[in-house]
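Worksheet: the structure to be examined is printed underneath.
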Amino acid sequence: MTSPAKISLRNVHKAFGPKQVLQGVDLDVAPGESVAIIGGSGTGKSVTLKCVLGLLNPDQGSITVDGVEMTDASQAERDAMLAKTGVLFQGAALFDSLSVWQNVAFGLIEGRGMKPRDARDVAIARLADVGLGPEIANMSPASLSGGMQKRVGLARAIATEPEILFFDEPTTGIDPIMGDIINDLIVKCTRELGASAMTITHDMASARKIADRVAMLYQGKIIWDGPVSEIDQSDNPYLKQFVAGDIEGPLELDLKHL
Amino acid sequence: MPIFAPVGHIFLTFLALVGRVTVFAGRTVGHMVTPPIYFRLIFKQMREIGYFSLPVVAMTTLFAGMVLALQSYSGFSRFSAESAVATVVVISMTRELGPVLAGLMVAGRVGAAIAAEIGTMRVTEQIDALVTLSTNPFKYLVVPRVIAGLITLPVLVLIGDIIGVLGGYLVGVNKLGFNDGSYIRNTFQYLEQLDVVSGLVKAAVFGFIITLMGCYHGYHSRGGAQGVGQATTNAVVSSSILILISNYIVTELFFSR
């Protein structure tokens with residue numbers, strides 16, 4: 001890697017009681033690079049993301065963002081890190097008590113102290129970026145479809161023009177066509193912002209479209225890491241089975257032990 | 001001895017819970033006195049907790065005052081002390097029935113709603129989203145509710161006291177045959193400032209307990225809809241029990257000689 005990593009994980013461990021979820025995760029995301037972490041359910045993808053965001057504290061290891069160690073960061077350092085990130089949550093995680101535009105403008109108003117009137121204009125512009133019109137600005141998130149909620153969530157994630165974007169299962173729970181639209185929007189928004197992106201997904205179509213590089217997480221470790229273009233040439237049996245979606249293979253054998 | 005193991009486990013679990021609630025309360029109080037304070041959210045919660053609880057508290061205290069007048073009249077007539085009815089009604093309402101009944105009713109209405117709302121936010125990752133949007137969930141969710149509870153419960157209880165005394169007056173004058181002037185005079189003759197103040201202090205304590213327990217159980221809810229349901233139940237049960245316990249403690253502090 002030529003430039004210093006935007007996000008760097010080294011030997012990250014995390015356990016919940018006796019269950020060891022992360023057992024030494026090593027991963028780098030370069031500036032402007034989009035990395036997808038793939039893996040089956042329960043392999044620790046979400047835990048990895050939450051550790052980077054500071055929502056969970058790793059038991060061991062190092063996580064740096066722009067060279068700043070996050071595992072023992074002060075609240076001010078953590079706030080500074082969060083101020084330059086945007087997150088699209090799996091279920092969009094829109095605030096029910098606020099309207100659509102208030103959701104999109106939340107980070108601008110509460111995080112950056114922007115006046116609501118100005119923030120509303122920015123929110124409507126961001127909604128337009130994700131293909132939504134101003135007519136939904138005053139609607140409640142609960143009245144939107146799943147795909148629209150994801151798009152509003154994406155608009156909220158990019159509203160503060162972050163340097164780093166995190167996408168948690170961006171296509172889960174929506175139909176394939178809407179999933180493809182979301183993928184296109186993620187690529188467009190990430191490129192326009194020039195942001196680094198970390199996506200966790202088990203949707204290979206999404207990973208191929210969004211990411212420059214893919215890392216496969218299995219049993220708490222990154223077992224394969226490489227450019228998207230090398231996925232189909234890899235002879236890693238775990239990756240081959242996951243990409244093909246085969247029942248038979250090393251992943252399936254391990255699942256039998258659970 | 002195996003027989004002691006479950007007892008010890010329950011006791012240790014209880015102590016751990018007390019510790020977690022105490023830490024949660026400490027964090028809440030710490031955030032209450034440091035900026036930013038979301039005044040807009042405090043006013044919104046005051047409307048939710050106070051204004052919308054008014055009908056429930058009014059109905060409860062009205063009928064409590066009416067029943068109290070009837071019961072004390074029928075009991076006191078055994079030793080010709082019917083004239084004490086107005087005094088008993090007002091002292092009972094201001095010291096005990098007003099704050100406790102209002103507290104329990106608000107615990108059922110507001111405590112459950114707070115736990116359900118924050119619990120749903122927890123299981124749908126809305127609280128995580130708040131954190132990633134550079135907003136402290138304690139300051140944004142917990143503090144406005146607790147401050148609103150602290151402010152509105154005394155106001156609710158004061159209104160409830162007045163309505164309860166009115167209930168006693170209506171029964172006393174219209175059903176029991178008291179002269180309205182003498183009933184009102186008896187109501188205020190032996191009423192002391194401490195009777196009202198102690199009730200309002202209790203109300204503030206109850207407001208803190210109800211909102212804190214609702215927030216605590218909602219904030220720590222886990223496991224989807226079932227977890228939110230459990231949080232709601234725990235919020236109402238724990239705040240109701242704590243209201244009764246703290247009622248005794250505050251009464252001791254004010255009235256033990």
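Here the protein sequences come in this chain order: A and B. Using the UniProt record's numbering, the letters of the first sequence correspond one by one to residues 1 to 258. Using the UniProt record's numbering, the letters of the second sequence correspond one by one to residues 1 to 257. Heads up, the beta-carbon is just placed ideally off N, CA and C, and yes, glycines get one too.
Identity of the residue in the options nearest residue i by Cα
{"i": "residue 229 of chain B", "options": "B/44, B/74 and B/120", "result": "B/120"}
{"i": "residue 162 of chain A", "options": "A/251, A/13 and A/87", "result": "A/87"}
{"i": "residue 160 of chain A", "options": "A/85, A/141, A/170 and A/138", "result": "A/85"}
{"i": "residue 37 of chain A", "options": "A/234, A/148 and A/220", "result": "A/220"}
{"i": "residue 99 of chain B", "options": "B/204, B/50, B/151 and B/42", "result": "B/204"}
{"i": "residue 27 of chain A", "options": "A/223, A/121 and A/99", "result": "A/223"}
{"i": "residue 44 of chain A", "options": "A/61, A/23 and A/129", "result": "A/23"}
{"i": "residue 289 of chain A", "options": "A/182, A/11, A/189 and A/164", "result": "Chain A is shown only over 1 to 258; residue 289 of chain A falls outside these bounds and no answer can be derived."}
{"i": "residue 70 of chain B", "options": "B/61, B/168, B/243 and B/54", "result": "B/168"}
{"i": "residue 101 of chain A", "options": "A/126, A/113, A/80 and A/61", "result": "A/126"}
{"i": "residue 31 of chain B", "options": "B/178, B/146, B/40 and B/161", "result": "B/146"}
{"i": "residue 245 of chain B", "options": "B/219, B/217, B/202 and B/233", "result": "B/202"}
{"i": "residue 259 of chain B", "options": "B/72, B/248, B/217 and B/233", "result": "It is not possible to answer for residue 259 of chain B, since the shown part of chain B is limited to 1 through 257."}
{"i": "residue 161 of chain B", "options": "B/8, B/233, B/44 and B/92", "result": "B/92"}
{"i": "residue 158 of chain A", "options": "A/147, A/63, A/129 and A/136", "result": "A/129"}
{"i": "residue 47 of chain A", "options": "A/168, A/68 and A/239", "result": "A/168"}
{"i": "residue 158 of chain B", "options": "B/199, B/179 and B/74", "result": "B/199"}
{"i": "residue 54 of chain A", "options": "A/185, A/75, A/112 and A/25", "result": "A/75"}
{"i": "residue 246 of chain A", "options": "A/142, A/14 and A/40", "result": "A/40"}
{"i": "residue 24 of chain B", "options": "B/80, B/104 and B/142", "result": "B/142"}
{"i": "residue 116 of chain B", "options": "B/233, B/247 and B/44", "result": "B/233"}
{"i": "residue 82 of chain A", "options": "A/66, A/146 and A/96", "result": "A/66"}
Contacts around residue i, its chain only, beta-carbon distance under 7 angstroms, and the 5 residues preceding and following it disregarded
{"i": "residue 187 of chain A", "result": "209 and 210"}
{"i": "residue 111 of chain B", "result": "210, 213, 214, 235, 236 and 239"}
{"i": "residue 38 of chain B", "result": "139, 140 and 144"}
{"i": "residue 258 of chain B", "result": "The question about residue 258 of chain B has no answer, for chain B in this structure spans 1 to 257."}
{"i": "residue 255 of chain A", "result": "The pLDDT assigned to residue 255 of chain A is 49, lower than 50, so where the model puts this residue is not dependable, and the model offers no usable value."}
{"i": "residue 240 of chain A", "result": "234"}
{"i": "residue 120 of chain A", "result": "101 and 105"}
{"i": "residue 150 of chain B", "result": "204, 207 and 208"}
8 angstroms contact criterion, which residue i and residue j should meet: CB distance rounded
{"i": "residue 106 of chain A", "j": "residue 151 of chain A", "result": "Not really, about 16 angstroms apart at Cβ, beyond 8 angstroms."}
{"i": "residue 7 of chain A", "j": "residue 52 of chain A", "result": "6 angstroms"}
{"i": "residue 3 of chain B", "j": "residue 148 of chain B", "result": "So it is not a contact: roughly 47 angstroms between Cβ atoms."}
{"i": "residue 181 of chain B", "j": "residue 64 of chain B", "result": "No, residue 181 of chain B and residue 64 of chain B are not in contact; Cβ-Cβ is about 24 angstroms, not under 8 angstroms."}
{"i": "residue 102 of chain B", "j": "residue 156 of chain B", "result": "5 angstroms"}
{"i": "residue 203 of chain A", "j": "residue 227 of chain A", "result": "With a Cβ gap of about 18 angstroms, residue 203 of chain A and residue 227 of chain A do not count as contacting."}
{"i": "residue 183 of chain B", "j": "residue 172 of chain B", "result": "5 angstroms"}
{"i": "residue 106 of chain B", "j": "residue 53 of chain B", "result": "5 angstroms"}
{"i": "residue 164 of chain A", "j": "residue 196 of chain A", "result": "5 angstroms"}
{"i": "residue 186 of chain B", "j": "residue 83 of chain B", "result": "6 angstroms"}
{"i": "residue 243 of chain B", "j": "residue 104 of chain B", "result": "6 angstroms"}
{"i": "residue 256 of chain B", "j": "residue 111 of chain A", "result": "The pair is not a contact, with the Cβ atoms about 50 angstroms apart (cut-off 8 angstroms)."}
Sequence-distant residues of the same chain with beta carbon closer than 8 angstroms to residue i, five excluded per side
{"i": "residue 257 of chain A", "result": "Caution applies to residue 257 of chain A, whose pLDDT of 49 falls short of 50 and renders its modelled position unreliable; the value that the coordinates give is listed next. Cβ neighbours of residue 257 of chain A beyond the five flanking positions: none."}
{"i": "residue 1 of chain A", "result": "Its pLDDT being 46, under 50, residue 1 of chain A is placed unreliably by the model, and the measurement read from it follows with that caveat. Correct list, in chain order: 28 and 30."}
{"i": "residue 113 of chain B", "result": "48 and 214"}
{"i": "residue 183 of chain A", "result": "170, 171, 205, 206, 209 and 210"}
{"i": "residue 33 of chain A", "result": "6, 196, 197, 212 and 213"}
{"i": "residue 127 of chain B", "result": "118, 121, 137, 141 and 219"}
Length of the line joining the Cα atoms of residue i and residue j
{"i": "residue 281 of chain B", "j": "residue 231 of chain B", "result": "As displayed, chain B neither begins before 1 nor continues past 257, which places residue 281 of chain B out of reach and without an answer."}
{"i": "residue 252 of chain B", "j": "residue 6 of chain B", "result": "34 angstroms"}
{"i": "residue 17 of chain A", "j": "residue 58 of chain A", "result": "13 angstroms"}
{"i": "residue 137 of chain B", "j": "residue 131 of chain B", "result": "7 angstroms"}
{"i": "residue 254 of chain B", "j": "residue 96 of chain B", "result": "12 angstroms"}
{"i": "residue 87 of chain B", "j": "residue 36 of chain B", "result": "46 angstroms"}
{"i": "residue 15 of chain B", "j": "residue 60 of chain A", "result": "29 angstroms"}
{"i": "residue 132 of chain A", "j": "residue 13 of chain B", "result": "50 angstroms"}
{"i": "residue 9 of chain A", "j": "residue 19 of chain A", "result": "20 angstroms"}
{"i": "residue 59 of chain B", "j": "residue 123 of chain B", "result": "35 angstroms"}
{"i": "residue 249 of chain B", "j": "residue 177 of chain B", "result": "38 angstroms"}
{"i": "residue 103 of chain A", "j": "residue 62 of chain B", "result": "42 angstroms"}
{"i": "residue 108 of chain B", "j": "residue 237 of chain A", "result": "57 angstroms"}
{"i": "residue 205 of chain A", "j": "residue 194 of chain A", "result": "22 angstroms"}
{"i": "residue 115 of chain A", "j": "residue 109 of chain A", "result": "6 angstroms"}
{"i": "residue 247 of chain B", "j": "residue 79 of chain B", "result": "30 angstroms"}
{"i": "residue 118 of chain A", "j": "residue 180 of chain A", "result": "32 angstroms"}
{"i": "residue 25 of chain A", "j": "residue 215 of chain A", "result": "10 angstroms"}
{"i": "residue 200 of chain A", "j": "residue 154 of chain B", "result": "50 angstroms"}
Contacting residues, own chain, Cβ-Cβ under 6 angstroms from residue i (five flanking each side not counted)
{"i": "residue 198 of chain A", "result": "29, 35 and 166"}
{"i": "residue 152 of chain B", "result": "46, 49 and 50"}
{"i": "residue 50 of chain A", "result": "56"}
{"i": "residue 138 of chain A", "result": "99"}
{"i": "residue 92 of chain A", "result": "149, 150 and 153"}
{"i": "residue 196 of chain B", "result": "94"}
Cβ-heavy atom distance, residue i to the ligand SAH, below 6 angstroms
{"i": "residue 150 of chain B", "result": "Summarising the ligand content, the structure contains no ligands, and the ligand SAH is consequently not present."}
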